[in-house]
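So the sequences go chain by chain: A and B. Here the first sequence is numbered in full-length UniProt numbering, starting from 1 and rising by one per residue. Here the second sequence is numbered in full-length UniProt numbering, starting from 1 and rising by one per residue. In this text, a Cβ means the ideal position worked out from N, Cα and C, and glycines have one as well. See below for the structure under consideration.
There are 2 protein chains.
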Amino acid sequence: MVAAFDADRDRLATFIDRFPLAKPASSFKELLDDPTLQLIASAAIPSERSAIGNHVMQAGKDYFTDKSPFTTLEQLQETRQVQQATGRRYFVYYAERVHNEAAWHAGELIKAGAVGDVLQVLNIAPHRLSATSRPGWFFDKSCYGGILTDIGSHQVEQFLTYAGCKEADINHALVRQNADFPGLEDFGEMSLTGDNGASFYSRVDWYTPDGMPVWGDGRAFILGTSGSLELRKYVDLTRQVPASKIFLTDQQKVEEIDCLGKVGFPFFGQLILDCLNGTELAMNQEHIFKAAELSMRAQRLADDHG
Amino acid sequence: MVAAFDADRDRLATFIDRFPLAKPASSFKELLDDPTLQLIASAAIPSERSAIGNHVMQAGKDYFTDKSPFTTLEQLQETRQVQQATGRRYFVYYAERVHNEAAWHAGELIKAGAVGDVLQVLNIAPHRLSATSRPGWFFDKSCYGGILTDIGSHQVEQFLTYAGCKEADINHALVRQNADFPGLEDFGEMSLTGDNGASFYSRVDWYTPDGMPVWGDGRAFILGTSGSLELRKYVDLTRQVPASKIFLTDQQKVEEIDCLGKVGFPFFGQLILDCLNGTELAMNQEHIFKAAELSMRAQRLADDHG
Numbered sequence: 001m002v003a004a005f006d007a008d009r010d011r012l013a014t015f016i017d018r019f020p021l022a023k024p025a026s027s028f029k030e031l032l033d034d035p036t037l038q039l040i041a042s043a044a045i046p047s048e049r050s051a052i053g054n055h056v057m058q059a060g061k062d063y064f065t066d067k068s069p070f071t072t073l074e075q076l077q078e079t080r081q082v083q084q085a086t087g088r089r090y091f092v093y094y095a096e097r098v099h100n101e102a103a104w105h106a107g108e109l110i111k112a113g114a115v116g117d118v119l120q121v122l123n124i125a126p127h128r129l130s131a132t133s134r135p136g137w138f139f140d141k142s143c144y145g146g147i148l149t150d151i152g153s154h155q156v157e158q159f160l161t162y163a164g165c166k167e168a169d170i171n172h173a174l175v176r177q178n179a180d181f182p183g184l185e186d187f188g189e190m191s192l193t194g195d196n197g198a199s200f201y202s203r204v205d206w207y208t209p210d211g212m213p214v215w216g217d218g219r220a221f222i223l224g225t226s227g228s229l230e231l232r233k234y235v236d237l238t239r240q241v242p243a244s245k246i247f248l249t250d251q252q253k254v255e256e257i258d259c260l261g262k263v264g265f266p267f268f269g270q271l272i273l274d275c276l277n278g279t280e281l282a283m284n285q286e287h288i289f290k291a292a293e294l295s296m297r298a299q300r301l302a303d304d305h306g
Numbered sequence: 001m002v003a004a005f006d007a008d009r010d011r012l013a014t015f016i017d018r019f020p021l022a023k024p025a026s027s028f029k030e031l032l033d034d035p036t037l038q039l040i041a042s043a044a045i046p047s048e049r050s051a052i053g054n055h056v057m058q059a060g061k062d063y064f065t066d067k068s069p070f071t072t073l074e075q076l077q078e079t080r081q082v083q084q085a086t087g088r089r090y091f092v093y094y095a096e097r098v099h100n101e102a103a104w105h106a107g108e109l110i111k112a113g114a115v116g117d118v119l120q121v122l123n124i125a126p127h128r129l130s131a132t133s134r135p136g137w138f139f140d141k142s143c144y145g146g147i148l149t150d151i152g153s154h155q156v157e158q159f160l161t162y163a164g165c166k167e168a169d170i171n172h173a174l175v176r177q178n179a180d181f182p183g184l185e186d187f188g189e190m191s192l193t194g195d196n197g198a199s200f201y202s203r204v205d206w207y208t209p210d211g212m213p214v215w216g217d218g219r220a221f222i223l224g225t226s227g228s229l230e231l232r233k234y235v236d237l238t239r240q241v242p243a244s245k246i247f248l249t250d251q252q253k254v255e256e257i258d259c260l261g262k263v264g265f266p267f268f269g270q271l272i273l274d275c276l277n278g279t280e281l282a283m284n285q286e287h288i289f290k291a292a293e294l295s296m297r298a299q300r301l302a303d304d305h306g
């Protein structure tokens with residue numbers, strides 16, 4: 001990291017304290033105009049991520065945004081056009097797979113044929129609300145786009161990866177508003193069927209109980225024709241925390257695979273190689289966009305039925 | 001048990017060997033005419049369970065059938081009428097709740113308020129196919145009614161119990177045929193919303209891998225407003241088998257509750273009391289019928305879309 005900008009000067013100073021290799025920039029434009037920069041990363045308010053990315057790509061640089069990358073299908077359409085016109089990259093930090101060792105290794109196991117053909121991916125993604133520590137935009141749906149758009153984009157991305165799908169139909173989607181914060185959706189679910197027939201179901205919520213030692217007991221259950229995987233991504237209840245584990249059952253055995261500290265995070269190195277070499281090791285654009293598109297289409301279906 | 005009948009004489013002899021208190025009857029009618037009998041139980045081919053039950057109730061006795069109790073909505077309608085006309089009971093052995101200690105105890109915990117209001121019940125119900133040891137009717141959908149009708153009836157029954165619902169809408173349902181046995185559905189899923197707003201999702205399948213030490217790693221995840229339960233009903237992967245465990249997370253703690261050999265099976269004693277005293281301790285009729293109805297309505301939706 002060589003440079004950073006934040007419109008909030010205090011926040012920028014804090015950031016530079018933490019990452020002293022980065023020089024503070026005086027404006028976003030200064031970053032865009034710096035010919036030495038190849039990749040600009042951002043964790044802006046979700047509704048602003050698309051426009052920032054468009055500026056970055058139009059300045060001839062690649063972009064790496066926190067998820068969810070978009071809050072509306074219109075933003076996605078615009079960014080798809082900018083990405084194609086500029087030939088630059090719009091990377092998304094789908095952390096629940098790319099920054100979790102069990103989740104990453106599950107993809108490697110599936111590719112190696114550990115469970116046969118994937119019949120279903122089922123994700124349970126609870127999150128702790130921590131309402132008092134959240135910024136105002138967290139409670140404004142126009143800023144985060146809805147719970148399926150937001151948390152759901154991670155889940156769809158996992159489905160497309162594990163099941164090897166490029167497209168899917170949305171069978172059902174539902175969201176619920178929080179009683180205390182009407183702008184916050186605290187429960188969502190969706191059912192999809194992939195273009196290869198694989199099934200996907202996910203529940204996302206802000207109901208992690210205070211007694212849970214992590215922010216959420218994220219799980220994935222992947223059913224294949226010859227085996228199955230259970231991912232305990234953050235905690236192994238009453239046994240280990242933090243944890244990042246896979247339970248593989250196949251035709252011979254049940255095996256507990258401890259991934260914590262063992263798999264690492266190859267995604268980030270791949271992303272850097274993709275920037276430098278024009279490869280698509282980390283993620284290809286259409287996959288990135290399709291995960292966001294499907295989560296937003298599910299959101300729209302839920303909004304229409306709500 | 002005082003008497004038994006099977007049209008297959010060899011099977012009847014084997015049964016009497018195992019349960020010597022039972023006297024062999026020469027016909028089903030002999031059982032129906034025996035004034036000393038109060039309850040007749042049956043594990044007939046599913047498509048025949050309704051008609052047998054009607055005969056039993058019309059003979060002035062209560063009936064206890066293996067699940068699934070019906071294979072068509074028409075059978076259900078007829079049996080509902082017979083039950084109301086005779087005032088007798090049509091009990092169903094929804095074993096995945098009533099004959100599993102964790103599943104039973106979960107109901108007690110929820111009633112006691114352990115997780116607040118139930119927001120969702122999510123059931124994963126894999127089963128081992130064991131194709132070579134199955135009777136012919138197992139592969140004939142007209143006999144078992146489809147995978148949601150069959151295995152699914154258990155799951156819906158758990159949803160109605162845990163979430164405290166009396167009715168539900170079916171959002172989505174899907175089934176798939178097995179490649180080797182076209183009459184066998186080997187995958188099914190359904191999404192329901194209860195009349196109190198609670199969500200239900202279940203996957204049922206015949207894909208338990210051979211390495212699994214039990215016939216199926218049945219799980220239930222129950223999300224409440226103030227806590228959550230995970231049920232590991234038959235195995236605790238790599239730790240214990242057989243197992244019957246609840247993992248309760250609430251506002252204070254995560255607690256592992258070992259139910260195996262500790263909870264027992266109160267359902268059966270309650271059922272006998274219900275027969276003797278005309279109470280409804282074990283299950284009420286409408287609940288029994290509604291679980292079957294919803295699973296069959298989900299099946300019909302899946303069949304129509306298939």
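Spatial neighbours of residue i within its chain, please: CB distance less than 8 Å, with the 5 preceding and 5 following residues excluded, ordered by chain position.
i       : result
I170(B) : M190, S191, L192, L294, R297, A298 and L301
V241(B) : P213, V214, Y234 and V235
T132(A) : none
L73(B)  : E293, M296, R297 and R300
F265(A) : V98, H99, E101 and W104
Y63(B)  : L39, I40, A41, S42, I52, G53, V56, M57, R88, R89, Y90 and F91
Rounded to whole angstroms, what's the CA-CA distance from residue i to residue j? Just pull it up for me.
i       : j       : result
T36(A)  : K61(A)  : 10 Å
C275(B) : L39(B)  : 7 Å
A106(A) : I246(A) : 7 Å
R8(B)   : T208(A) : A small correction: the amino acid at residue 8(B) is Asp; Arg does not occupy that position in the sequence shown. So the two alpha carbons sit approximately 55 Å from each other.
S226(A) : R176(B) : 16 Å
A282(A) : A4(A)   : 24 Å
P69(B)  : L237(A) : 36 Å
D33(B)  : M1(B)   : 16 Å
L229(A) : Q58(A)  : 42 Å
L273(B) : R88(B)  : 14 Å
F200(B) : K29(A)  : 50 Å
K67(B)  : Y93(B)  : 6 Å
D303(A) : L174(A) : 8 Å
A163(A) : Q81(B)  : 46 Å
T279(A) : L21(A)  : 27 Å
L122(B) : L122(A) : 10 Å
S130(A) : D180(A) : 13 Å
H172(B) : F289(B) : 21 Å
L248(B) : V254(B) : 6 Å
In terms of residues, what are the limits of the alpha helix (DSSP H) holding residue i?
i       : result
A106(B) : E101 to K111
D303(A) : Q285 to H305
S50(B)  : P46 to Q58
F15(A)  : R9 to R18
A85(A)  : L73 to T86
K233(B) : From DSSP, K233(B) is part of no alpha helix (DSSP H); its letter is neither H nor E.
For residue i, collect the residues of the same chain with a Cβ closer than 6 Å to its Cβ; drop the 5 residues on either side in sequence, then sort them by chain order.
i              : result
V263(B)        : E101, W104 and H105
N178(B)        : L184 and D186
residue 307(B) : Since the displayed chain B opens at 1 and closes at 306, residue 307(B) lies outside it and no answer follows.
G116(B)        : G224, T225 and S226
I124(A)        : R203 and R219
Q75(A)         : S50
E96(A)         : H154
Cutting at 7 Å between CB atoms, please list the residues of its own chain near residue i, excluding the five before and the five after it.
i       : result
H287(A) : L160
D140(A) : G183
E78(A)  : S50 and N54
Hey, could you find the ends of the beta strand (DSSP E) residue i is sitting in?
i      : result
S42(A) : L39 to S42
V92(A) : Y90 to Y93
T65(B) : D62 to D66
*Just list the alpha helix (DSSP H) runs in the stretch 241-267 of chain A, keeping only unbroken ones of 4 residues or longer that don't cross its boundaries, in chain order.*
Taken in chain order, the stretch 241-267 of chain A contains no complete alpha helix (DSSP H) segment of 4 residues or longer.
*Within 9 Å of chain B by C-beta, residues of the stretch 195-228 of chain A in sequence order*: Those residues of the stretch 195-228 of chain A that come within reach of chain B (Cβ to Cβ, closer than 9 Å) are G197, S199, Y201, R203, D205, Y207, T208, P209, D210, G211, M212, P213, D217, R219, F221, L223, G224, T225, S226, G227 and S228.
_My parser needs the beta strand (DSSP E) runs of 3 or more residues fully inside the UniProt domain "GFO/IDH/MocA-like oxidoreductase" (106-230) of chain B; what are they?_
Correct list: 118-126, 168-177, 185-194, 199-205 and 219-224.
*For the stretch 163-176 of chain B, which residues have a CB atom closer than 8 Å to at least one CB atom of chain A, in sequence order?*
Answer in chain order: N171, H172, L174 and R176.
*Between the stretch 279-290 of chain B and chain A, which residues of the former have CB atoms less than 8 Å from a CB of the latter, in chain order?*
Within the stretch 279-290 of chain B, no residue has a Cβ that lies closer than 8 Å to any Cβ of chain A.
_Residues of the stretch 63-84 of chain B whose Cβ lies closer than 8 Å to any Cβ of chain A, in chain order_ = For the stretch 63-84 of chain B, the beta-carbon criterion of a distance under 8 Å to any beta-carbon of chain A is satisfied by none of its residues.
*What are the residues of the stretch 248-281 of chain A that lie near chain B, defined by any Cβ-Cβ distance shorter than 8 Å?*
Correct list: T249, D250, Q251, Q252, K253, V254, E255 and E256.
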